[in-house]
Structure formats: structure tokens, C-alpha cells
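So this note's numbering is basically just the index in the sequence shown, starting at one, shifted up by 705. For glycine and all other residues, C-beta sits at the position ideal for the given N, C-alpha and C. Only a predicted model underlies this, so the values are computations on that prediction, with no experimental measurement involved.
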Amino acid sequence: MLVGWCTGIARVGLRVTRGRRWRCFGLLRSVGCVWACLLEINRWRRHRQGSLLVGYQELCRELSGAGPGTFGELDSVAARSVLRRYSDAWFAAAKRRNGGDQNTRYPRRRRGLMPVRWYHGTFTLAGRRLRLPTGAGCWPLWVRLDRAISYPVEQVRSVTLLSVGGRLAVEVTAEVPVVTYPAGLGPQACRVAGVDPGIIDPYAVAGPDRRGLLVSGRAIRAEHYQHLRETRYRNRAVAARAPKPGQRGSRRWKQYRRRRHQVEHRHRRRVRQAQHEAARTVVDWAVAHWVGTLTIGDPRTVLEKPAGRRHNLRLRQWQIGRAINVLRDKAELAGITVHLVGERGTSSTCPTCAQRIPKPRGRALSCPRCQSTGHRDLVAAAIIGARTPGGAIITSGSVPLPEVITHRRAGRHLPGAGQSRRDPRRRPLAAALGPVGQPWPAPPPTVLGSRSTATKRRGSTTPTPEGKGQWTRH
């Protein structure tokens, strides 16, 4: 029995020849030209104090009046996808400004390479080959995917061509059915688990039967730290040969910027993959324990205050909105209901006496009044689970804390995450030790007038004089 459908998105790289590569980039530049034309048209209308073109129907009529061949090989379907994106962005900004957020700006910024989307029925997908539609009178554009798509062809609803760090890729959107389970063996809605998202631990889960899950994200934090450190050193090394403001850069400088963009996008792909692994771990754990409802704490309500330069950087690297959306998508695909609740005071409230606790230095939380202790994130997850809409009323001392905790790690693919892997951005051992080199063990104490028991240095053939000890390097 089918309960519903969800949206699945997969990103696949392309393997194209040089000629087809330039044709794909030409399509992306044509999309940027369409976006720039929309901005120019509305700019002229503002100067003339006329009405703006923001509705999708009005924009389509303006596009049809331009005629074929205006934007190179770009077909009308792809151009309309740009119009749809502009219209949605404008109305979303207007809605937020009418709601009181005056910092929201309308889409008025030019873009060079913009993604272009084709919908179901306009493209052809045959195995690992994809045919992208082009304008009238142009040769068809066939591209080859790096790997096969994990979704059936009949479920694919749209494909999007985009450029990520100078690399061409295709995002495939498919309609995926929600997983169904046999009667009595699937997640039960009455079994609730609270989820506390964090920076050090991406997800801390407090489930029923006093069971908990901790997903460690120290490898993700190390990846952020190493990338920031590498970027700082690279900028310091090339600061002398950087072009002056208003001066055109050389070919060498363009190669450096291209390489820097590749490294930046590689870092983002690594972090994104680690976030998906962490969310998949939580969903698999919930399915294994028949959890049918996940109550996720939303900290975006308490992150509006400025907290300093360093902590603001941590919050930007956290990407809490992406983490919540990834977990929600995977949970809905597994047939689990998701609720978002505020998490104000969850990490500083005692679950036993409901009194406020000073912020601890480490991960252990201890109440000075009732002497109850527990992991800080798991305590917050348990209190978040107690705030499930429609649940039982929780009184003081009735919040159960996990006793059996499962520990998992996120980002095992990151450099240096395993014991046998070393991050190439870290300094080697010889350089980290400085000019002294590898330390030698100190020789054992010797008795005056006796022979030293220390081993001889390799390659030494000189015998030790009688009555003198042998010194070794230490």
C-alpha cells in the first residue's frame, strides 16, 4: 500500500569532450544573459516609473516577442525556467518585506553562469546518456554521466545543468515513493525521539526505552579548521603578486583563482556528504528502534544575536538550515513524521528539578541543586522530545534520560578521519617537530666507573674506553 511520494535529488558529474563542454558552458552563459535582460527591463521600467514585469505569464509573453535565436542555443523551455526562478524570487522577497523584514532585497544582481532546468518530456535519458534540448536549427547535445542514476527513468521529473567549481554536473530530481513496512514492523507514531542539532555533535537523539544516539562531527569541524588554515596561508603567500584594484590579472593569477575555486567547492562537497551521512545514521537508527515521530529542535530562533567574530563563523559553517532539511527529507522518505519546536533553554535546564543550570564548560551537564548529571546534548534532546505537539504533559522530574547510548561518527571519508589516513594539509611529523628532529630516548643512568648499558649508535665501530660510559643522543 502506497502512502505518498517524496522528492529525491541526486547530483551526477559529466564526462564530455572539449567541444560539448564549451556548448554546455554556452548554455549556462545564455541563461545568465536571460537573467541580465530581466534586470535591465525592470530597471528601465523603474526609471520611467512604470509597472514592473514580475509575473510569470507577463514574462513569457515578453520572451515570445523576442523571437527565436535571441539567446543562442537556449530553447524556450530552458528560458522559461529562468523566468519562473526570477518570478518566484521576486514574490518571495516581496512577501518577506511585507512581513516586516526590510533587509530582504529584490533580485537585482547579475550572474555569470546560472543553472538551467528542463522538465519531464523535454529531455531524453537512456542509461548514462542524456540528451539536452537546444534551440531550433541547432545540433542536439548529448552528454555522458559519470555514473548511472539511482532512480528509475520513469520517476525522473527534471534535470538541471550547473557548474560547480569549474566542473559540469547535472542535478536529477525524481519522484520517489515513501517506504512502506509490513503491519506491526514499521515505525510507530507513538514512539517519539527528540533530536538536538549541534556543532560538535551534528545530531543527538534521545529515543524511547531510554536509548540514545550521538553522532560525532569532530571530523567535520577539523575539515573546516584545516580548510580555513590552508586558505589563510595561501592568501598570505600570493598577496605580493595579487593585482592592484582596477588592474587586470595575469594568466597565472587566473589559474590561481581557478584552483582556489576548485578547492573551495571540494571542501563544500566533503562537508555536504558528511551531513548526509550523519542524517542517514539518525534515520537508520530511528527505523531500527521503530521510532515514528522525530521532534527536532530549531535553534534559528536563538541565533539572531551577534556572538562575536569567531562564534559567528562557527554558526555560518554550521549550516543549520541545510542540516534540518536533509534530516527532514530522509525521515519523510522513511515514513517518519517530523516536528520542529523551539529549543530555547533545553541545554540549560535540569530535566529533574526543571531549574536553570549554568552553562557547563564541557559536554557533561551537572545540576548543583539535585546533583543529576548527563550528557549536555542528550539532556537537550530529551527535553526537546518532551515538547512534541500533542504529546503527554511533562512535569518536573518526568523527563527520561538515555541510559544506553550509541556512538557514531560522521565524515569517515574526510582526509585524516581514519587511523590509517593522513590529511595532506597537515604538516608532516619532521616539520612539526622543528629543527631538532625526531626525539631520542634518554640513556639509562650509569654508575661511575662501569660500562654503559645503552645500545651503541648504528654505524659506530669505536670501542668504548674502559671506565667511561657511552653517551647517546637525547
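When secondary structure is reduced to three states using DSSP, Val717 falls in the strand class. Between the alpha carbons of Val884 and Arg862 lies a gap of roughly 19 Å.
Comparing C-alpha distances from Ser1052 to each of Cys1072, Asp1034, Thr1042, Ala984 shows the shortest one belongs to Cys1072.
No Cβ-Cβ contact shorter than 8 Å links Lys1035 with Val992. When DSSP states are grouped into helix, strand and coil, Thr1093 belongs to the coil group. When DSSP states are grouped into helix, strand and coil, Pro902 belongs to the strand group. For Val987, no beta strand (DSSP E) run applies; the uninterrupted alpha helix (DSSP H) run containing it begins and ends at 956-993, by DSSP.
Under the three-state reduction of DSSP, Glu935 is assigned to helix. In this structure, Arg1033 keeps its C-beta atom at 8 Å or more from the C-beta atom of Val1046.
Residue environment: Gln754 is assigned as exposed (fewer than 16 neighbouring CB atoms within 10 Å of its CB, all protein chains considered).
Judged by beta-carbon spacing, Leu1070 lies within the 8 Å limit of Arg1081, meaning their Cβ atoms are closer than that value. Counted as a single uninterrupted DSSP element, the alpha helix (DSSP H) harbouring Tyr761 occupies residues 761-771. Under DSSP, Leu873 forms a beta bridge with Ser868. By the beta-carbon neighbour count (other beta carbons within 10 angstroms, threshold 16), Val1109 is exposed. For His1016, the enclosing alpha helix (DSSP H) starts and ends at 1014-1023.
At a Cβ-Cβ threshold of 8 Å, Ala894 and Thr998 count as neighbours. Scanning its chain for C-beta atoms nearer than 8 Å, with the 5 sequence neighbours on each side dropped, one finds around Ala924 the residues Ala979, Arg1114, Ala1115, Gly1116, Arg1117, Leu1119, Gly1121, Ala1122, in chain order.
Between the C-alpha atoms of Tyr791 and Ala797 there is a straight-line separation of about 10 Å.
Straight-line spacing of the CA atoms in Asp901 and Pro812 works out to 34 Å.
Assignment of Tyr886 by DSSP, reduced to helix, strand and coil, places it in the coil class. In the DSSP assignment, Arg801 falls within the alpha helix (DSSP H) that extends over 781-803. With a cutoff of 8 Å on beta-carbon distance, Val717 and Ala874 are scored as near each other. If the five residues before and after Ala879 are omitted, its C-beta is found closer than 7 Å to the C-beta atoms of Gly713, Tyr856, Gln860, Val861, Arg862, all from its own chain and listed in chain order. Leaving aside the five residues that flank Ala841 on each side, the residues in its chain whose CB is nearer than 6 Å to its CB run, in chain order, Pro773. Tyr908 counts as buried, since no fewer than 16 other beta carbons sit within 10 angstroms of its beta carbon.
Separation of Ile905 and Glu928 (C-alpha to C-alpha, rounded to the nearest whole angstrom) is 12 Å. Taken through DSSP and simplified to helix, strand or coil, Trp844 comes out as coil.
With 16 or more neighbouring CB atoms inside 10 Å of its own CB, Glu1048 falls in the buried class.
By the Cβ rule, the stretch 801-820 does not count as touching the stretch 847-856, because fewer than three pairs are nearer than 8 Å.
One alpha carbon belongs to Tyr886, the other to Thr1054, and they sit about 38 Å apart.
Taking a contact as a CB-CB distance under 8 Å, the pair Pro838 and Thr827 counts as one, their CB atoms being some 5 Å apart. Within the DSSP secondary-structure output, His1044 pairs in a beta bridge with Thr1000. Residue environment for Thr829: exposed (fewer than 16 other C-beta atoms within 10 angstroms of its C-beta).
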